[in-house]
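This report concerns only the one structure given below.
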Amino acid sequence: MKKLAAVMVMITGLCLIAGVGDFPNWGDPNSPANSYLSTYYLTNAISDTAVPNIVTAILADYRGYDTMFETVVVFVAGLGILFLLRGTKKKLGDHPTAFPSSSIVRTACRIMIPMMQLFALYVVAHGHHSPGGGFQGGVILGASVILLAISEGLSDGLKRITLKNTIKWSAIGVLIYSGIGTFSMLLGGNFLDYSAWAPILPATDAVMARSHGMLGVEIGVALTVMTVMFSIYADLASHGQMDEGL
Amino acid sequence: MVIQSFTPLFAMLSSLVAVFPITLLKQSENRREMWTFIAAIIKFALVISMVPIILGGQTIELTLVSLIPNVPLKLRVDGFGMVFALVASSLWIVTSIYSIGYMRKSKEHAQSRFFACFALALFATLGVAFSANLLTMYIFYEILSLSTYPLVAHHQDKEAKIGGRKYLTYLLGTSIGLALPAMLIIYNITGTLDFGPNGIMAGHELGKLLPVLVLMFMYGFGKAGLMPLHAWLPGAMVAPTPVSSLLHAVAVVKVGVFCVIRVITGIFGANYLTLHGMVPLICYVAGFTVITASLMALYQDNLKRRLAFSTIGQLAYIIMGVGLCSYLGIVGGVAHIAMHAFGKITLFFCAGAIYVATGKKYISQMVGIGKRMPITMAAFFIGSLSVIGFPPTGGLVSKLYMLRGALQADMIPIVVIYLVSSFLNACYFLPIVYKAFFCTDSESQYEDKINEAPLACIIPPVITACVTIALFIYPNLVINLVESAMGVL
Amino acid sequence: MNLIIAKFNYVLYIVLMMMGLWAMIAKSNLIKKVVGLGIFQTAIILFYISISVKKGANIPIIHHHVDPNHAADAAHMVIDAAKYANPLPHVLMLTAIVVGVATLGLALTIIQHIYQEHHTIEEDEILEQLNQ
Amino acid sequence: MNIAAQLPVIVLVLPLLSAFAVTLVSLFNKKLAWPLTVLTMTATFLATTGTLCSVIHNGAIRYRVANWAPPFGIELVIDHLSALVAVVISIVALLVAIFAKETIQKDIPNRVGQFYTLFILCTVGLLGETLTGDAFNLYVLIEITSLTSYALLAFGGSRAYFSTFNYLILGTIGACLYLLGVGYLYIKTGSLNMIDIATLIPALSGSSAIFTAFILILVGLWIKMAFFPFHGWLPNAYTHATSTVSAFAAPLMTKVTVYMSIRLMYFVFGPDYAFSQFTGPVNIVWLAVIAILVGSYYALVQTDIKRMLTYIIIAEVGYMVGGMWLGNAIGLTGTIYHIAADAIMTACLFLALGSIAYKLGSTKISDMAGIFKKMPVTFCAFLVGAAGMIGIPPTAGFFSKWFLISGGIQAGQWAFVVALLVSSLVNAILFFRIIEVGFFGADDEDEHDAVVVQRNEAPLSMLLPTVTAAALVILLGLSTSKVTSLLIENIVGSLF
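Sequence order for the protein chains is A, B, C and D.
Take 0 as the starting number for the first sequence in numbering that gives the first Met the number 0 and just add one per residue.
Take 0 as the starting number for the second sequence in numbering that gives the first Met the number 0 and just add one per residue.
Take 0 as the starting number for the third sequence in numbering that gives the first Met the number 0 and just add one per residue.
Take 0 as the starting number for the fourth sequence in numbering that gives the first Met the number 0 and just add one per residue.
Printed below as a string of structure tokens:
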């Protein structure tokens, strides 16, 4: 069995490498991948969307449809894990129910958590101009909550964000994203066409409306990612029991 | 002349619709059987109403839905189909009377299922008779196979289940494994499946594929019971006698033969087959079955099994007659569907009546039975005369046609086969009758007292026996219909 | 030769991928399989990201000194695409990362359940139990 | 808002939004989850039907999401093929949604909302896969369907976990290979839009990278559709899942993946490219033949109906892959028609079996004794589905076989023709084994000694979708000509 697997892996690898010979050289600025679509994005994104971070512009606008489903993937992961783990009565094994944590850890975390959250908000909000965005910010936010659960114990963490709330806010996060898209439809544009928002936003032309729309969806993304990250942690750490874990 | 009319559809649907009241009225036997009757009579009346049109040289057509490019679900009534439909629908009425008597007397279970499936089978039979193309015919052929399966396995004991399994294995196996690919090959070559007056193959040279296709069709419609794919028919005799009589003497087996006839006349075309030298192939394959089945019938002690082998032989007769591809052969073959049907159903009715009255199944137990059941055995005698082809019965007429057809086609060996098998027929039927009536008192297993089966089991064989004689006197009833179709061809 | 010198990155990632694939197929420990899955996905992410590399290019954030509130000015800006790396693969891989996280989470959940049922995470032992 | 113009995206957005609505609503009132799901699925069904009508009348639709011109933005492409598949998905999803009520209420009363959310999102994923015109977007949607189906399939009891884990590993390998294939394509073409790539490929036809991409994408999808020799995960995963989930996954997952492979093979690489790469000894049709025979063989040795059906699915995948590799119009017609026919037939069988399992608690053949008397309507529906699988006219299964065999004859692939016929016959044996037991009781007991069984039909919410599916099997069969002339000919005609 192992030999067969080895042969299969070798064959797959050789096939893949055989295809590589035909690639353009690494870093070739004139390769099709680096010149065709990417040139359009690099040269037009600012005038199209007024967002200098091209990655954000593509992520939330040109390929916003992808990103919406990406957020759905996050949501599905959170919900799916919850669905599978909640309601199981059995214990996974012995893990300490009372959580020993030293005051050094707790104090350090107390200082770190607000800093992290502040930074996370910056990452979300400044995604247009610097590396960052909803996913990145959401993950940092989620990490801060997980840190809380680690330092104070899971049940303490769950007091801040209850399980019901994680489900609720993760759904609301995706709903914000898809809702913004749907609302563009109601305003007469295509789905996710934020420029349709221009007439109802104050002092905004179609290009800026795209920029604002992106901020909206990034916030939705951040909400979902944060709550799902915490929910996954809480589920896995306690095997769905939501008691003291880890 | 082609007439558009819904009559053939209504004729088919009359029995399909009856399935619902029959299944729903489980509690009340009388009302349930009344529905069977009403459906049977309506069906017969609708079929009869079309006879004058067909005799007038016209055909009736009706396109229902389009299924595949160039192949719609389409009905077409011509002389051939008419003969078959007339036989099936008239005999359904008679069989209904008979089965009510039989089923009640022998206190069968699941009678609702029985009558419902029966009605469904008749729907499919008429569907085959009225099909305008091969696909429509195939559809109804398969529906018939499935709807008769519960009838075959009706007794639900081990024997019945094995019989049912055999039944389905042979019929589905041949139709899916042989007929379907053959049909597809034809469709791919010609782009159509409509039965044409002279076939649809004209202009297409098949070479070595042709004999293969012919054989695929002949064996693919396994209901025709050509040897060596005949074993399902004796196996299916485990079914209650009304089933054996209507379905395995008339509807199901004749559907198989009818399909082969349609393929020979409507798909390949008689001229095409003659031209390509396929006649001997068809005739010898069928001829082999005729002789072998007759010989095997001689050795059967179970009366229904003997009848079954006789049926196999007679079916091959018909295929042989049509396979001659001569005018008279085809007329004789199609007419034989009707002639044989009435004769053979009489025999089955009698076998069932004997079983109901005495519980006896084996021929060796029937010595002297004529004294106890004279009417039944008299009908049996007339029925066997018709199957043998002896005057004054309809069987003679069609056999003569087929014999002349063989001469017309210059197939002397076929003439010999016909004669030999008639002799064999006589050999396996007449001794039964002889022993039933003319045995010495010491041999007789029955008292002299007349003790017939219930009236409902006696009237049907008498009626059908009378019809076989009537068909001898007025053969034109059938022959004209067939010839009207030949005129179209 | 060109294959190794000019495209060594791709070859490297493929080797990495195959290591992951090997772990997924041949390892008996379920956690190791999941680790293999992670390696495989990460290698693909690296593969994509290396597509976006341009010699001498910077990250794809446009240096501009236009007031973003007056986007109309931006339209007149001339941007030299060669100065910035290809942004598209980055976007695509953000998705792939997310998918990787989601798959990993679900896989771990299922492994927890498997452990609960069989008290082991060795595939052969589980199969033995299932075949009994 | 111009509803007609937005219809293609409404098909997706409607269930997507309501999935979250179901989550939120069920946090407060769990009883609302089911009606809301059924309502959503009904609306989705109407939307897909509307899209189909619009495609029939006005031709293919290309919808620009966010109003960016392709290839820069993502576009949805709704042609006759994707509209057809979308309608099939929405029909099956609607039927299963109705069916789910009782079983889910019984199995997981406290997680109803989560179940329906995952269920709707899985449908969204499937619909998205059919409608999208972007190669990378397809990957995201494949993952949405996969992740939701992992979660749904794993929830099915103790044995389900391990089988789902295997599915997860293999499914991820499949999806990753697809992703890698898209990467290879992207390197060579620089584009992700399917139609755009299709215009770039002819110039690159000799490239080994494109060929590798082709193989990667094909193999990736084969793993996901359980095509031989990658079929190992499917039987266990579908057998151990609960009946509702398998009734949803079994008809749709493999079929939509087949659709994707048609889309990529014929509309991205193009038939010319695909067939020029595989000529001579390397012939995919032979693999399909083996798949059909292997599936049929393993189906024969099963004693559990559900497991038997899963092996039939493997054989059916062989039908479809074989049909699309025959390289002629009628074979592809057969494959496309079979996507619809097989989805509905499989749904019919699994729904009927789910109802039986709900009442009986078993899906073993030997436990089916007297089932006809107990659940006549359900069993009749099962019979219709079985007739479809065997290929008895006028059910839809007959016509798909008709086209596929015709295609095989035209292409001269006699092995494929024989394999199809053999599999029909094997199916006949399989189902008549069940039918015999169902009608007449098990072998050893005599009918007259058997206990009198009371009629004990499944609840209406299960009966209704089952009977509808059975009716659809026949209806689709009778409207074959319409489906082919209105939809499939448009697709196939543009390719051959």
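All C-beta atoms in this analysis are idealised placements derived from N, C-alpha and C, irrespective of residue type, glycine included.
Owing to the predicted nature of the structure, the values given are computational and were not obtained by experimental measurement.
Item: Could you list which residues in chain E have their beta carbon closer than 8 Å to that of I53/A, in chain order?; Value: The structure shown contains no chain E; its protein chains are A, B, C and D.
Item: Is the CB-CB distance between F398/D and I67/B below 8 Å?; Value: yes
Item: For the beta strand (DSSP E) holding Q409/D, just list the boundary residues, first then last.; Value: First-last for Q409/D: A395 to A410, but that is the alpha helix (DSSP H), not the beta strand (DSSP E).
Item: Hey, T94/B and A120/B: beta-carbon distance below 8 Å or not?; Value: no
Item: Beta-carbon of T479/D versus every beta-carbon of chain B: anything under 8 Å?; Value: yes
Item: May I have the straight-line CA-CA distance separating T11/A from Y237/D, to the nearest angstrom?; Value: 28 Å
Item: Excluding the 5 residues preceding and the 5 following H62/C in the sequence, name in chain order all residues of the same chain whose CB lies nearer than 6 Å to its CB.; Value: none
Item: Kindly say whether G126/A, judged by its beta-carbon, lies nearer than 8 Å to any beta-carbon of chain D.; Value: no
Item: Note down the Cα distance separating L146/D from M114/A, rounded to an integer number of angstroms.; Value: 34 Å
Item: Kindly provide the ranges of any alpha helix (DSSP H) runs that are 4 or more residues long and lie completely inside the stretch 312-376 of chain B, ordered along the chain.; Value: 326-357 and 368-371
Item: Run through chain D and tell me which residues come within less than 7 Å of C14/A, C-beta to C-beta.; Value: T211 and I214
Item: Select from I209/D, K305/D, D341/D and I304/D the residue whose C-alpha is nearest the C-alpha of Y258/D.; Value: D341/D
Item: Which residues in the same chain as T171/D place their Cβ atom closer than 7 Å to its Cβ, once the five residues preceding and following it in sequence are excluded?; Value: none
Item: Give the secondary structure of P201/D by DSSP, where H, G and I count as helix, E and B as strand, and everything else as coil.; Value: helix
Item: Residues in the stretch 75-107 of chain D with C-beta within 8 Å of chain A's C-beta atoms, listed in sequence order?; Value: I107
Item: For G330/D, which of helix, strand or coil comes out of DSSP?; Value: helix
Item: In this structure, how does DSSP classify K53/C when only helix, strand and coil are distinguished?; Value: coil
Item: For L125/B, which of S14/B, I458/B, G172/B and T168/B has the nearest alpha-carbon?; Value: S14/B
Item: Could you list the residues in the stretch 180-197 of chain A with a C-beta less than 9 Å from some C-beta on chain D, going in chain order?; Value: G180, T181, S183, M184, L185, L186, G187, G188, N189, F190, L191, D192, Y193, S194 and A195
Item: Below 6 Å CB to CB, which residues in the same chain sit around A408/B once its five sequence neighbours on both sides are set aside?; Value: L323 and S325
Item: Is the CB of G244/A under 8 Å away from at least one CB in chain D?; Value: Per-residue confidence for G244/A stands at a pLDDT of 46, beneath the threshold of 50, marking its modelled position as unreliable; no derived number is given.
Item: Taking Cβ positions only, does H112/C come closer than 8 Å to chain D?; Value: yes
Item: Bridge partners for R304/B per DSSP, in chain order?; Value: R304/B is not bridged to any residue.
Item: Within this structure, are the beta carbons of A17/B and L45/B separated by less than 8 Å?; Value: no
Item: Going by C-alpha to C-alpha distance, which of D78/D, V84/D, F266/D and I73/D sits closest to I338/D?; Value: V84/D
Item: Measuring CB atoms only, is the stretch 347-365 of chain D touching the stretch 300-315 of chain D, in the sense that at least three cross pairs come out at less than 8 Å?; Value: yes
Item: At 9 Å on the CB atoms, spell out the chain C contacts of L214/A, in chain order.; Value: What L214/A touches in chain C: nothing, since even the nearest Cβ is about 12 Å away.
Item: Tell me the rounded alpha-carbon separation between S210/A and A49/A.; Value: 6 Å
Item: Compare the beta carbon distance of V485/D and I60/D with 8 Å and say whether it is the shorter of the two.; Value: Contrary to the premise, residue 485/D reads as Leu rather than Val in this sequence. In this structure, I60/D does not lie closer than 8 Å to L485/D by Cβ.
Item: Show which residues of chain B have a CB atom less than 7 Å away from the CB atom of S423/D.; Value: I175
Item: Under 7 Å Cβ to Cβ from I457/B, same chain only, skipping five residues before and after it: list those, please.; Value: A352, I374, T375 and E451
Item: For the stretch 33-81 of chain A, which segments carrying the alpha helix (DSSP H) assignment without a break, of at least 4 residues, lie completely within its bounds, in sequence order?; Value: 36-48 and 53-56
Item: Roughly how many whole angstroms lie between the Cα atoms of I416/B and V278/B?; Value: 15 Å
Item: Check whether the Cβ atoms of A340/B and V86/B lie closer than 8 Å to each other.; Value: yes
Item: Got a sec: is the Cβ-Cβ distance from G127/D to anything in chain A below 8 Å?; Value: yes
Item: How many angstroms separate the CA atom of A469/D from the CA atom of L94/D?; Value: 11 Å
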